[in-house]
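Just so you know, the sequences run in chain order A and B. The first sequence lines up with residues 486 to 825 when you count with this note's numbering. The second sequence lines up with residues 486 to 825 when you count with this note's numbering. Cβ atoms here follow ideal geometry from the backbone N, Cα and C, with glycine treated the same way. Because the structure is a prediction, the values reported are computed rather than measured.
Protein chains: 2
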Amino acid sequence: MEKAVPRTMEEFSTACGVSRPTLSKFFEDPGSVKKSTRRLIEAKLEETGFQPNLYARNLNRKQTRSIGIVVPAITDPFYAQLVTRLELILREEGYWPLMISPHGRPELEREGLATLQSLRVGGALIAPLGYDSDATALARFTGQTPCVFLDNGIDENVPLVGNDNRQSIRMIVDYLCRSGTPPVYINTPPVNRSSGQRSASYEAAMQANGHAPLVIEGSGPDPWDLEKVGYDRMQAMLAEGLPGQTLLCANDRLAFGVIAAAHEAGLKIGHGDGDDLRVAGHDDHPLSRYSAPSLTTMAQDYDEMARRACARLLAMISGTDDDDAQQVLVPAKLVLRASA
Amino acid sequence: MEKAVPRTMEEFSTACGVSRPTLSKFFEDPGSVKKSTRRLIEAKLEETGFQPNLYARNLNRKQTRSIGIVVPAITDPFYAQLVTRLELILREEGYWPLMISPHGRPELEREGLATLQSLRVGGALIAPLGYDSDATALARFTGQTPCVFLDNGIDENVPLVGNDNRQSIRMIVDYLCRSGTPPVYINTPPVNRSSGQRSASYEAAMQANGHAPLVIEGSGPDPWDLEKVGYDRMQAMLAEGLPGQTLLCANDRLAFGVIAAAHEAGLKIGHGDGDDLRVAGHDDHPLSRYSAPSLTTMAQDYDEMARRACARLLAMISGTDDDDAQQVLVPAKLVLRASA
């Protein structure tokens, strides 16, 4: 029932009676051919459903219009949110995002980089797994392809766009100290630099507020199963006796697990008089406004991070990158909700 | 500092002193060349970091080893979980998954299909947006490429692997009716067939239990922002007076919003004597065990759905598909937690 679709550029050229060179110009930049020709080609594309083979074209170019995106795991909403914004921006800019997630596995991260290299992507936005990453494979890739690191860096030679952990942790520690008992810090497992930066910022902020810092290290069989890490850590603390009435979690997913364990133990969470415990997080996870109680947290500026990362990468690709800052750290905003 | 990497198959052939045909055989199937040759090639690959251009090779074949995956939005954990399982299975099978998410936008779904077509994918696993999908573009794509629909279908000519909504809704309705007051059903906005199937199953199950069904329709500016849909609907119900003491939500994300609004209103959720309200969901969202209280729900069998969908698609691709079932409906499991 379907009309036969032209398979090759030749067939399409014949189908619409437009020369190959003109077609190539059109696919390079539709604005570069006569309006009438453009309308004719677009009509034929619509009518036949012909799809020029983008890679076949890309292979004949120095550089493709495709951009690789690599994040540790799309099941982590932080990365899912970031990827969504990056893809929408890149499409707006006329680039073609190709997202690969290694699902937390170093060997798949290495394989993903190899795939992007074999696809001759014009550049890549990479949130590395972190300490588990194959540093050699990453260095080889970033040495040959324009790259910007997201969220956390791994190599000083590659620009990084991420959250300003120093500013954001300082802000929420200051708030918690002013509004109640000083916070105990629940840390993530040490998967990347960012986790170390946040706990260091917590310690500095506590000292600046004249309080002794107390960091409780999170751990678990799967360091990316953060709700479970928080849940298990909270159960252990409840058994040993809580180290404080205010808990600051390194991120919201830890906080969800902490709140779940506290709720099961019959504790009331919030900043009211009748409440037993304050819990705060970091990131503004999409579900943090719907937790019970809703979660006080630091909102990472996904939009700004995505905008800056794309702008920097596209400048690097087009050779117009005059920015020599190795790090772009985006400040986060304090979001006051019911939990603290 | 980096050693120059061979750019072409010719250069790599020279670098390791292995003929082009042998190299092609190796990249087709490493087991098809002599063990010593294989070791030599693998050592050179490791040493030089050479990446054969997979697409350049694929273009010269009838069929590529790459498989497209299209899901409405990776920010929805249901799809993020499913994609993760699909990708891991396909990689195991020696295929190369290429995931594209239209982020809930019909025009990006259409563009994504065009992209996959231009990449000559060997097949695709597609969870269509639903009623917003461009049916013509989908029919054109599925008419030319082996496809299996996931989660919800849109075209009877394409096999579907999804949850058995009739079985799963029936099971949780039976449980709720036996263990307390009959459930009122909170529906999602009507985005796809699956939502209609679930509410119909609810009505049938209620009648089978001798109760009058009551469906409360969910709605919102963004039908994919399901927590907000549930939250707003619950606030409205609390203002008008609750239609019942047991609420069955069409999925867990709705339930999170419902629980958040109920918690803010000071209602106690659970199946105990002191509790005001029972809330149940559907899907077993990764966070449903960490909500406060933890959520009673129907666990969709992600693993089985992913396994069946991949097996069916790979059979279609290899021409060994002797299965004429147009639908594979996978039963879900009842997960009893604290909320109902």
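I'd like to know if residue i contacts chain A, where contact means its C-beta is closer than 8 angstroms to some C-beta of that chain.
{"i": "B/Ala612", "result": "no"}
{"i": "B/Gly579", "result": "no"}
{"i": "B/Phe497", "result": "no"}
{"i": "B/Asp806", "result": "no"}
{"i": "B/His748", "result": "yes"}
{"i": "B/Phe741", "result": "yes"}
{"i": "B/Glu641", "result": "no"}
{"i": "B/Met790", "result": "no"}
{"i": "B/Tyr573", "result": "Just to set this straight, residue 573 of chain B is Leu in the shown sequence, not Tyr. So, interface residue."}
{"i": "B/Arg822", "result": "no"}
{"i": "B/Glu712", "result": "yes"}
{"i": "B/Pro515", "result": "no"}
{"i": "B/Met691", "result": "no"}
{"i": "B/Thr490", "result": "Note that residue 490 of chain B is Val in the sequence shown, not Thr. Interface residue, yes."}
Can you give the Cα-Cα distance for residue i and residue j, rounded to whole angstroms?
{"i": "A/Arg763", "j": "B/Val820", "result": "30 angstroms"}
{"i": "B/Asp758", "j": "A/Pro674", "result": "39 angstroms"}
{"i": "A/Asn677", "j": "A/Thr731", "result": "25 angstroms"}
{"i": "A/Ala796", "j": "A/Leu567", "result": "15 angstroms"}
{"i": "A/Phe512", "j": "B/His767", "result": "46 angstroms"}
{"i": "B/Ala689", "j": "B/Arg655", "result": "8 angstroms"}
{"i": "A/Asn650", "j": "A/Pro816", "result": "8 angstroms"}
{"i": "A/Phe497", "j": "B/Gly607", "result": "22 angstroms"}
{"i": "B/Glu712", "j": "B/Asp761", "result": "21 angstroms"}
{"i": "A/Thr499", "j": "A/Leu610", "result": "39 angstroms"}
{"i": "A/Ala697", "j": "A/Asp640", "result": "33 angstroms"}
{"i": "A/Ala622", "j": "B/Ala823", "result": "46 angstroms"}
{"i": "A/Leu798", "j": "B/Gly729", "result": "54 angstroms"}
{"i": "B/Arg792", "j": "B/Phe626", "result": "23 angstroms"}
{"i": "B/Ile754", "j": "B/Asp707", "result": "27 angstroms"}
{"i": "A/Pro515", "j": "B/Tyr660", "result": "60 angstroms"}
{"i": "B/Lys818", "j": "A/Thr805", "result": "56 angstroms"}
{"i": "B/Glu749", "j": "B/Leu723", "result": "11 angstroms"}
{"i": "B/Leu772", "j": "A/Ser773", "result": "11 angstroms"}
{"i": "A/Lys520", "j": "A/Glu527", "result": "10 angstroms"}
{"i": "B/Asn694", "j": "A/Gly751", "result": "35 angstroms"}
For the candidate residues the options, whose alpha-carbon lies nearest to that of residue i?
{"i": "A/Glu479", "options": "A/Pro644, A/Leu598, A/Arg550 and A/Thr499", "result": "Outside the modelled stretch of chain A, which goes from 486 to 825, sits residue 479 of chain A, for which no answer is possible."}
{"i": "B/Asp788", "options": "B/Leu573, B/Lys519 and B/Cys501", "result": "B/Leu573"}
{"i": "B/Val714", "options": "A/Tyr775, A/Tyr660 and A/Cys662", "result": "A/Tyr775"}
{"i": "A/Ala612", "options": "A/Gln652, A/Ala565 and A/Asp710", "result": "A/Ala565"}
{"i": "B/Gly701", "options": "B/Pro708, B/Arg718, B/Glu712 and B/Met691", "result": "Looking at the sequence shown, residue 701 of chain B is not Gly but Ile. Ranking B/Pro708, B/Arg718, B/Glu712 and B/Met691 by Cα distance to B/Ile701 puts B/Arg718 first."}
{"i": "B/Ala825", "options": "B/Pro668, B/Glu531, B/Ser686 and B/Gln785", "result": "B/Pro668"}
{"i": "B/Lys529", "options": "B/Asp617, B/Gly703, B/Gly502 and B/Val646", "result": "B/Gly502"}
{"i": "A/Ala794", "options": "A/Asp659, A/Asn648, A/Met691 and A/Leu727", "result": "A/Asn648"}
{"i": "B/Cys662", "options": "B/Ile559, B/Glu527, B/Ser517 and B/Met691", "result": "B/Met691"}
{"i": "B/Leu601", "options": "B/Arg590, B/Arg576 and B/Gln629", "result": "B/Gln629"}
{"i": "A/Met790", "options": "A/Phe563, A/Lys510 and A/Ile552", "result": "A/Phe563"}
{"i": "A/Ser704", "options": "A/Asn672, A/Gln682, A/Asn694 and A/Pro557", "result": "A/Asn672"}
{"i": "B/Val813", "options": "B/Leu645, B/Leu752, B/Ala800 and B/Tyr716", "result": "B/Leu645"}
{"i": "B/Tyr687", "options": "B/Gly751, B/Val658 and B/Asp561", "result": "B/Val658"}
{"i": "A/Leu575", "options": "A/Ile802, A/Gln720 and A/Gly665", "result": "A/Ile802"}
{"i": "A/Gly597", "options": "A/Asp809, A/Tyr716 and A/Pro557", "result": "A/Pro557"}
Does the beta carbon of residue i sit closer than 8 angstroms to a beta carbon anywhere in chain B?
{"i": "A/Asn545", "result": "Legend: pLDDT at A/Asn545 = 47, less than 50; position of this residue unreliable, no value from coordinates given."}
{"i": "A/Gln720", "result": "no"}
{"i": "A/His588", "result": "yes"}
{"i": "A/Tyr787", "result": "no"}
{"i": "A/Ser521", "result": "no"}
{"i": "A/Met494", "result": "no"}
{"i": "A/Ala620", "result": "no"}
{"i": "A/Thr569", "result": "yes"}
{"i": "A/Ala765", "result": "no"}
{"i": "A/Pro631", "result": "no"}
{"i": "A/Met801", "result": "no"}
{"i": "A/Ile625", "result": "The residue asked about is misnamed: residue 625 of chain A is Arg in this sequence, not Ile. Yes, its Cβ sits closer than 8 angstroms to a Cβ of chain B."}
How close, in whole Å, do the beta carbons of residue i and residue j come, if the pair is a contact with beta carbons under 8 angstroms?
{"i": "B/Ser684", "j": "B/Tyr670", "result": "6 angstroms"}
{"i": "A/Pro587", "j": "A/Ile554", "result": "Actually they are not in contact, since the Cβ atoms of A/Pro587 and A/Ile554 sit about 12 angstroms apart, beyond 8 angstroms."}
{"i": "A/Glu594", "j": "A/Leu614", "result": "5 angstroms"}
{"i": "A/Thr522", "j": "A/Thr507", "result": "6 angstroms"}
{"i": "B/Asp769", "j": "B/Gln785", "result": "6 angstroms"}
{"i": "A/Ile559", "j": "B/Ile559", "result": "5 angstroms"}
| How do the segment 627-639 of chain B and the segment 721-736 of chain B stand: do at least 3 beta-carbon pairs fall below 8 angstroms, yes or no? | no
| query | Below 8 angstroms, can you find three or more Cβ-Cβ pairs linking the segment 739-751 of chain A to the segment 772-790 of chain A? | reply | Counting C-beta pairs closer than 8 angstroms gives three or more between the segment 739-751 of chain A and the segment 772-790 of chain A, which meets the contact rule.
| Interface positions of the segment 769-785 of chain A facing chain D (Cβ-Cβ less than 8 angstroms), listed along the chain | Included in the structure are the protein chains A and B, with no chain D among them.
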